[in-house]
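*Asks:* I am attaching a structure below and will ask some questions about it afterwards.
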Amino acid sequence: MKMIPISKPELHGKESVYLNHCIKTGWVSSLGHYISEFEQRFSEFIGQSYSLSCSNGTTALHLALLSLDIGEGDEVIVPSFTFIATVNSILYCRAKPIFADIDPVTWCLDPQDVAKKLSTRTKAILIVHLYGNPADMSALTRISEENGVYLIEDCAEALGASYKERYVGSFGHVSCHSFYGNKIITCGEGGMISTASEEISNRIKMLRDHGMSSRKRYLHEMLAYNYRMTNLQAALGLAQLQRIDDFLSRRQQIFNEYVKQLNDVSEIGLPFLGDIVRKPVNWMFTIVLKNGNRDALMEHLRKHGIDTRPVFYPCHKMPYIDANCILPITNSVSGAGISLPTFVGLKKQQIIYICDCIKKYFALLFD
Ligand SMILES: *Cc1c(COP(=O)(O)O)cnc(C)c1O
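Numbering of the sequence shown is given in the numbering used here, commencing with residue -14 and proceeding in unit increments.
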């Protein structure tokens, strides 16, 4: 049986033309005009002054923290309910992640719990716009300003989501993006850091390129990294970015169709629908099982040719992470969430089929 995958990139625009152009001209490494053009267009899209490309979303996070000089002895407040890269980037810098709980509706940082976790060592709040939902930017910006701590946004899952008509990624001192294969746009692997500060931007340029001086080649002014993006990746990224509005509206249609089909299935909770200030993007349509066995539903769907994914396991419970914390909302959502297939090429008939399989599962259960 052919499975309906959880995710699938849409690569039918200018991707192959641009890639061929790289190959024909020989510009396949980290020099080439697609890189600067992708960075420029990306800045215009999210509404931020500077955007610096890098090798992936994880290196984007690492560079963001390094550019703010976060290191040993510093604390960074972060959700535990996120992809592990968010938390690992803090550990790479030898700083300490301080886990805060999430809002039960948006699954993003709960500002009240963030305020409780502040200490004299807090250097930054690393917020994650999880599963396409924008975090509460008014409250979090206020906490950041009143306490003199940096605000960093992890927008890996939420490119195109907005808060009060402004795209996520335009609020923080630094914001990070991922272009992994299952993200809103993809470069295969790729990342971006955006900032309003020329100084931070210059620092990131050095940090991603072995600390090389901008004035003198092969003078390395600090210990740094090779985290550069290639022209090949940027060629893909530029072609993808040209179609982002179509991608986002298609994903919204998919969201609406899922909601329509599942609205009256009482056993499941639907994802955040958005409100006047917060406009999410449909990265992965994620439902919550109100009670019962998540694995059994996932197995039922797999047998019917539908791939699904459990939501992230809380980072504070990973064996190598030393954290003693109580996060009730994180624990309850992470134990019950299931992501359903969500990608631009997903057909309406497939959504109906997926939802019918879910309804039949519950009908059999209660027969
Ligand atoms: C995908 C993702 C990342 C990391 O991106 P990569 O490009 O895979 O390194 C970081 N944070 C979140 C929330 C993600 O979903």
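Beta carbons are placed, not taken as given, at the ideal position from N, Cα and C, and that holds for glycine.
I'd like the ranges of any alpha helix (DSSP H) spanning at least 4 consecutive residues and lying wholly in the stretch 262 to 290.
*Replies:* Listed in chain order, the complete alpha helix (DSSP H) runs (minimum 4 residues) inside the stretch 262 to 290 are 279 to 288.
*Asks:* Cβ atoms of V329 and E(-5): under 8 angstroms apart, would you say?
*Replies:* The answer is yes: Cβ separation under 8 angstroms.
*Asks:* Say whether chain C places a C-beta atom closer than 8 angstroms to the C-beta of K275.
*Replies:* Of the protein chains in this structure there is only one, and it is not chain C.
*Asks:* Could you check whether the stretch 88 to 102 touches the stretch 313 to 322, counting it as contact only if at least three pairs of C-beta atoms, one from each stretch, sit closer than 8 angstroms?
*Replies:* Output reads yes: the stretch 313 to 322 touches the stretch 88 to 102.
*Asks:* For D121, which of helix, strand or coil comes out of DSSP?
*Replies:* Note: D121 maps to coil in three-state DSSP.
*Asks:* Kindly provide the ranges of any alpha helix (DSSP H) runs that are 4 or more residues long and lie completely inside the stretch 12 to 48, ordered along the chain.
*Replies:* As far as the stretch 12 to 48 is concerned, its whole alpha helix (DSSP H) runs of at least 4 residues are 18 to 31.
*Asks:* Tell me, to the nearest whole angstrom, how far the beta carbon of G176 is from that of H162; I am working on the premise that it is less than 8 angstroms.
*Replies:* That pair is a contact at about 6 angstroms.
*Asks:* Just to confirm, does F68 get its C-beta within under 7 angstroms of one of the non-hydrogen atoms of ligand 1?
*Replies:* Correct: F68 has its Cβ closer than 7 angstroms to ligand 1.
*Asks:* Under the three-state reduction of DSSP, which class applies to C161: helix, strand or coil?
*Replies:* DSSP places C161 in strand when its eight states are reduced to three.
*Asks:* Quick one: what's A220 bridged to in DSSP?
*Replies:* Answer by DSSP bridge pairing: none, since A220 is not bridged.
*Asks:* Is the stretch 10 to 27 touching the stretch 118 to 134, taking contact as three or more C-beta pairs under 8 angstroms?
*Replies:* Flag = no, the stretch 10 to 27 and the stretch 118 to 134 do not touch.
*Asks:* Pop quiz: E60 and S129 are said to be a contact at Cβ under 8 angstroms. What is the actual Cβ separation, rounded to whole angstroms?
*Replies:* Contact flag wrong, Cβ pair sits at about 14 angstroms.
*Asks:* Could you pull the start and end residues of the alpha helix (DSSP H) that L355 belongs to?
*Replies:* The first residue shown for the chain is -14 and the last is 352, placing residue 355 beyond what the model contains.
*Asks:* Rounded C-beta distance between K332 and A146? I'm assuming under 8 angstroms.
*Replies:* Between A146 and K332 the Cβ distance is about 24 angstroms, and since that is not below 8 angstroms, they are no contact.
*Asks:* Between the beta-carbon of K275 and the beta-carbon of G259, is there less than 8 angstroms?
*Replies:* Cβ distance not < 8 angstroms, so K275 and G259 don't count as in contact.
*Asks:* Kindly provide the ranges of any beta strand (DSSP E) runs that are 3 or more residues long and lie completely inside the stretch 292 to 345, ordered along the chain.
*Replies:* The stretch 292 to 345 contains these whole beta strand (DSSP E) runs: 322 to 324.
*Asks:* Assign E142 to one of three DSSP states: helix, strand, or coil.
*Replies:* Three-state DSSP puts E142 in coil, outside helix and strand.
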